[in-house]
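Asker: In my numbering, the protein residues as written are 262 to 321. Every residue, glycine too, gets a C-beta built ideally from N, C-alpha and C. All of these numbers come straight from a predicted model, not from anything done at the bench.
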């Protein structure tokens, strides 16, 4: 973390890869609470919304 702006955190990656590549490599798909199992690779396609059409987009 390099800085904090209220509830937001600024981070710096010491990695030559694009940030989205890093997040895809280490991130996990947040599944709905009624799905009681670890996420799987197939979940990245099955549990996407219309907001996922643009890489990095999120819906709250």
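On a Cα-Cα basis, can you pick out the residue from 308, 280, 316 and 315 that is closest to residue 295?
Answerer: 308
Asker: Straight-line CA distance for residue 300 to residue 283?
Answerer: 18 Å
Asker: Going by the beta-carbon positions, is the gap between residue 278 and residue 268 smaller than 9 Å?
Answerer: no
Asker: Going by the beta-carbon positions, is the gap between residue 273 and residue 265 smaller than 9 Å?
Answerer: no
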